[in-house]
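If you're matching positions, the sequence shown starts at 12 in this note's numbering and goes up one per residue. Structure first, commentary second.
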Amino acid sequence: MTFSRLKKPSRELINKALRLALGISLLSALFTIVYLSTGSSVMQLYEGDISLKDIYAPYDFTYAGDLDDEKMKEAEKEALGKTRSVYEIAPHIEEKANETISLFFDHLKTASKVKELVGDDEKIGRLKTISNLNLSHKTYRAFIKAQDIDHVKNTISAIVNKYFEMGILSDSDKDLLKEEDVREIIILNPSTAKEKRELVGDMPTLEGLKGSIERDIAAHFPKNGKLREPALEITNLIMSSNLQHSPEETQKRKKEAVEKLSKIYKKIAVKKNEILIGKGEKITSRHLKMLKHLGKTRELDGRLPYLVGMALLLTIFLIMSIFHLRFYESKIFRNNRDLLVISLLVLFVAVTAEVVTVSPLSSYFVPLASASMLIAILLDAHSAFIFTIIMSIFVGVVAGNNFGLMIVMFIGSSVGIYSVRKVRRRSKLLLAGFFVGAVNFLTIIALGLLNNLNPPIFLGEGGLGALNGLMSFLLVIGILPIFEYLFKIPTDITLLELSDLNHPLLKEMATKAPGTYHHSIIVGNLAEAACDAIGANSLLARVGAYYHDIGKIEKAEYFSENEGEPKNSRHGGITPSMSALVITNHVKDGIELARRFKLNQALIDFIAQHHGNGLIYYFYQRALEKVNNEDEISEEAFRYPGPRPQSKETAIVLLSDSVEASSRTLNNPTPSRVQGLVQRIINNKFIDGQLDECNLTLKDLHKISEAFMRVLNAMFHTRVEYPDEEKIQKSKNRNNNHKKLNQKTNSQQRIDSGDGKKSP
């Protein structure tokens, strides 16, 4: 007992988890479909194709038209103006200066060491000749007398190189740049491949560097020393500008700047709902530009808001559906199989809507009507109607907020639901498809007239809507068997096929257990009438009744309806407990037989539940009569295994089974006796708890009892007794004698009247 109490909540928890996972998976799948479709929302059209439908702008946007030459020229001019002139540091100037310094001081050393040159003047003269530098006599003399020649040389070289590395602009170039209003140039060092930007006003020139050079010389040579002035003189003599303008590099950079410019096109504004491409229009490069830009706009600029909006809408739809199913369709809400069916059809419509929308096909080819019809056939019309409302809105939004398409989808699908509400033959689906197509056509015509469209346009679209009806028929006829097989859902079409009395199981039962067969047919009639009275599925109940006792086929002789005379009963030679075991086993045998013949689970439920866990009262009483202590007999051993009926239909078959069997015991089945029998059986089942799990109300039970009485009274009605042939002949003779006697009497009366007074 404790184990079963713990097991039920655990199973319910698992079912809740599965429903939650299914809801999250459905929402994720729908969002993924929408997300993937936003990047491919533009039709795959090519130049020269013919548009099969009008293509409207889903929102305001602008796209690039032809190249804007004027703006391109302005952009090029601006780019060229921003391109700086390039000046390169000439390495050969620095090299020549260093070479001049080295040669001068080398010659100085040589002249100082020549023995033939006795006086300073001779040395100076020789040095002037060799060095060819235009230095003053005083400077030469100072260098001749200098002690540390290498130090002087290195110091001057360092100062010269320092300024050469900075880059020295000639005064003429600087003046020219100022005249051209060039404020900045690029200085490129070819040796290091490094470059830097410098303001023209801050660029050093030879004239501007004189003060800096003088300060550097003063820093290295003492004020009262004899080498400060000579060092300054030779430095100023050697220094020269080393920045040279590079026209090639400058032109190269200007060309690159122009090439990097993005093409500037004329902006063309498009308003929402403006026709981009008319139906039948030939696709041009201009059309492709519009569609390409529309795709980029939706992908980049409008992608996030669109996705967020669609995610919110899908979430709202899911929550609405959950609440509706929870409070108004609790049977479907608790059935994970039914929820999976709805989810698959939601995905089917969502995927096809996205594919059709971005393809050249008309949006009226979205197969919403077929999905709605499938739900109506597989589950019920009410759920199909709610499905239609939600998915019509979804399709309209996906198709660019197309309100007209939304209306057509809703009306056509609703008609489809109504048309298949009680369909029991697959051929009737063609008629349902015709109705859907006709209503689609009329709805599109009405919308075309309301929007004042050209008749050829809405007549053509109406024809496409009519084709949707034919397509719905083909899809339903093709998909329905797949869903019936995969999900084991008993549709009215399948049930009607199973109700054929030529079914192998029913034929076998008619041959091996004729009493059970006849009993099952009558139970089916009772159950059908009762279901019609309370609005339950009468066809399911009738077919379930046909098969509920197939477990009796193997041991038909053990059941009273097949025994013939009571004295021939097989139960006379076995114990009550064994008899009870044989009787209860017909439920288990029936389930095994049904599975062997691949009957639907809904029919197997009738076999398993048509006795509930009721007591086999007759054999239980016989067992009690054979023992002194009632405790020796377990009541559970004489009860059916169950479960109790879980639906209205299985409960009605349970009642029909008991009523039909008991009605055979009535000797004089008057209406009052039939009424008493029916009410007694229903009350007993109610008190025994067999109806606790099937959702039948007291009002339902009252209607069921009235339906049972109608059927039974019709079965047991009395007829007028017809006379046999001998009695008929006697009656004829008697009538002839009466006729002759009457004729004789009438003749005598005429003689007695005035006629007898005539003359002879």
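No residue lacks a Cβ here, since even glycine has one placed at the ideal position from N, Cα and C. Bear in mind the structure is a predicted one, so any value in this text is a computation, not a measurement.
Inter-stretch contact (C-beta, 8 angstroms, three-pair minimum) for the region 644-663 and the region 671-691: These segments do not touch.
Ile-35 beta carbon less than 9 angstroms from that of Leu-358: To locate residue 358, count along the sequence shown from 1; it is residue 347. To locate residue 35, count along the sequence shown from 1; it is residue 24. With contacts defined by Cβ atoms closer than 9 angstroms, Leu-358 and Ile-35 do not form a contacting pair.
Rounded distance between the beta-carbons of Ile-627 and Gly-601, thought under 8 angstroms: Taking the sequence shown and counting its residues from 1, one reaches residue 601 at position 590. Taking the sequence shown and counting its residues from 1, one reaches residue 627 at position 616. Contact doesn't hold; Cβ gap of about 16 angstroms is too wide.
Inter-stretch contact at 8 angstroms, needing at least 3 Cβ pairs: the region 94-102 / the region 249-267: Counting Cβ pairs under 8 angstroms, three or more are found: they touch.
Cβ-Cβ distance between Lys-523 and Ile-490 below 9 angstroms: Residue mapping note: residue 523 aligns to position 512 of the sequence shown, counting from 1. Residue mapping note: residue 490 aligns to position 479 of the sequence shown, counting from 1. No, Cβ-Cβ distance for Lys-523 and Ile-490 is not below 9 angstroms.
Ile-693 versus Ser-716 - alpha carbon distance: Numbered from 1 along the sequence shown, position 682 holds the residue referred to as residue 693. Numbered from 1 along the sequence shown, position 705 holds the residue referred to as residue 716. A direct Cα-Cα distance of roughly 8 angstroms separates Ile-693 from Ser-716.
8 angstroms contact criterion, which Arg-655 and Gln-620 should meet: CB distance rounded: As a first step, residue 655 must be located in the sequence shown, where it is residue number 644. As a first step, residue 620 must be located in the sequence shown, where it is residue number 609. Confirmed, Cβ separation roughly 7 angstroms.
Collapsed DSSP secondary structure at Val-434 in the structure displayed: To locate residue 434, count along the sequence shown from 1; it is residue 423. It is coil, neither helix nor strand.
Beta-ladder partner(s) of Tyr-67, from DSSP: Residue mapping note: residue 67 aligns to position 56 of the sequence shown, counting from 1. Looking at the DSSP assignment, Tyr-67 forms a beta bridge with Ile-286.
Selection from Thr-363, Glu-87, Lys-433 that minimises the alpha carbon distance to Ser-403: In the sequence shown, the residue the question calls residue 403 occupies position 392. Cα-wise, what sits closest to Ser-403 is Thr-363.
Leu-389 classed as buried or exposed, judged by whether at least 16 other C-beta atoms fall within 10 angstroms: Start at 1 with the first residue of the sequence shown, and residue 389 comes out as number 378. By the neighbour-count criterion, in which a residue is buried when 16 or more other Cβ atoms sit within 10 angstroms of its Cβ, Leu-389 is buried.
Rounded distance between the beta-carbons of Val-419 and Thr-454, thought under 8 angstroms: Walking along the sequence shown from the start, residue 454 turns up at place 443. Walking along the sequence shown from the start, residue 419 turns up at place 408. Right, the Cβ-Cβ distance comes to about 5 angstroms (below 8 angstroms), so this counts as a contact.
Buried versus exposed call for Arg-137 [16 or more other C-beta atoms within 10 Å across all chains shown]: The sequence position of residue 137 within the sequence shown is 126, counting from 1. Buried.
Leu-350 - DSSP class collapsed to helix/strand/coil: Position 339 of the sequence shown, counting from 1, holds the residue named residue 350. Note: Leu-350 maps to helix in three-state DSSP.
At least three beta-carbon pairs within less than 8 angstroms, the region 179-186 to the region 108-127: Contact fails between the region 179-186 and the region 108-127, because fewer than three Cβ pairs, one in each stretch, are under 8 angstroms apart.
Whether Arg-435 touches Leu-550 by CB criterion (9 angstroms): Position 424 of the sequence shown, counting from 1, holds the residue named residue 435. Position 539 of the sequence shown, counting from 1, holds the residue named residue 550. Cβ distance < 9 angstroms, so Arg-435 and Leu-550 count as in contact.
DSSP beta-bridge partners of His-118: If you number the sequence shown from 1, residue 118 lands on position 107. Looking at the DSSP assignment, His-118 forms no beta bridge with any residue, so it has no partner.
For Ser-96, three-class secondary structure by DSSP: Against the sequence shown, residue 96 aligns to sequence position 85. Note: Ser-96 maps to strand in three-state DSSP.
Three-state secondary structure assigned by DSSP to Leu-329: Residue mapping note: residue 329 aligns to position 318 of the sequence shown, counting from 1. In this structure, Leu-329 counts as helix in the three-state DSSP scheme.
Closest residue to Glu-285 among Ala-552, Leu-302, Arg-633 (Cα-Cα distance): Counting from one through the sequence shown, the residue named residue 285 turns up at place 274. Nearest option by C-alpha distance: Leu-302.
Within 9 angstroms, strictly: CB atoms of Ile-401 and Phe-328: Residue numbering aside, residue 401 sits at position 390 when the sequence shown is read from its first letter. Residue numbering aside, residue 328 sits at position 317 when the sequence shown is read from its first letter. In this structure, Ile-401 places its C-beta atom within 9 angstroms of the C-beta atom of Phe-328.
Presumed contact (8 angstroms Cβ cut-off) between Asn-451 and Gly-476, rounded CB distance: Here the question's residue 451 lines up with position 440 in the sequence shown. Here the question's residue 476 lines up with position 465 in the sequence shown. That pair is a contact at about 3 angstroms.
Straight-line Cα distance separating Phe-376 from Gly-471: Counting from one through the sequence shown, the residue named residue 471 turns up at place 460. Counting from one through the sequence shown, the residue named residue 376 turns up at place 365. Cα-Cα distance, rounded: 13 angstroms.
Rounded straight-line distance, which links the Cα of Val-366 to that of Ser-51: Stepping through the sequence shown from its first residue, residue 51 is reached at position 40. Stepping through the sequence shown from its first residue, residue 366 is reached at position 355. Low confidence applies here, because Ser-51 scores a pLDDT of 46, under 50, leaving its location unreliable; read the following figure in that light. If I take the Cα positions, the gap works out to 10 angstroms.
Nearest-angstrom Cα separation, counted from Met-726 out to Leu-350: Mapped onto the sequence shown, residue 350 falls at position 339. Mapped onto the sequence shown, residue 726 falls at position 715. Whole-angstrom Cα-Cα distance: 43 angstroms.
Within 9 angstroms, strictly: CB atoms of Asn-413 and Ser-374: For the purposes of this step, residue 413 is taken as residue 402 along the sequence shown, with counting starting at 1. For the purposes of this step, residue 374 is taken as residue 363 along the sequence shown, with counting starting at 1. A contact, by the Cβ cut-off of 9 angstroms.
Distance between beta carbons of Thr-527 and Leu-567, contact taken as under 8 angstroms: Looking up residue 567 in the sequence shown gives position 556. Looking up residue 527 in the sequence shown gives position 516. Reading the sequence as shown, one finds Ala at residue 567 and not Leu. The pair is a contact, with the Cβ atoms about 6 angstroms apart (cut-off 8 angstroms).
Phe-773, buried or exposed, once every other Cβ within 10 Å from all chains shown has been counted against 16: This structure gives no information on residue 773, because the portion of the chain shown stretches from 12 to 771.
Local conformation of Glu-292 per DSSP, three classes: For the purposes of this step, residue 292 is taken as residue 281 along the sequence shown, with counting starting at 1. DSSP places Glu-292 in coil when its eight states are reduced to three.
Beta-carbon proximity of Leu-614 to Val-554, cut-off 9 angstroms: Within the sequence shown, the letter at position 603 stands for residue 614. Within the sequence shown, the letter at position 543 stands for residue 554. Contact: yes.
Beta-carbon spacing of Tyr-557, Leu-509 below 9 angstroms: Translated into positions along the sequence shown, residue 557 becomes position 546. Translated into positions along the sequence shown, residue 509 becomes position 498. Closer than 9 angstroms, so yes.
Length of the line joining the Cα atoms of Ile-456 and Tyr-496: If you number the sequence shown from 1, residue 456 lands on position 445. If you number the sequence shown from 1, residue 496 lands on position 485. So the alpha carbons of these two residues sit roughly 39 angstroms apart.
Contact between the region 339-346 and the region 391-400 (3+ Cβ pairs under 8 angstroms): Judged by Cβ distances under 8 angstroms, the region 339-346 makes contact with the region 391-400, as three or more pairs qualify.
Unbroken stretches of the alpha helix (DSSP H), 4 residues or longer, contained in the region 584-609: Fully enclosed alpha helix (DSSP H) runs of 4 or longer: 587-607.
Alpha-carbon spacing of Leu-24 relative to Arg-30, whole angstroms: For this step, residue 24 is matched to residue 13 along the sequence shown. For this step, residue 30 is matched to residue 19 along the sequence shown. Cα to Cα, Leu-24 sits roughly 10 angstroms from Arg-30.
Coil, strand or helix - Gly-765 by DSSP: Reading the sequence shown from its first residue, position 754 is the one you call residue 765. A caution first: Gly-765 carries a pLDDT of 43, below 50, which makes its placement in the model too unreliable to give a value.
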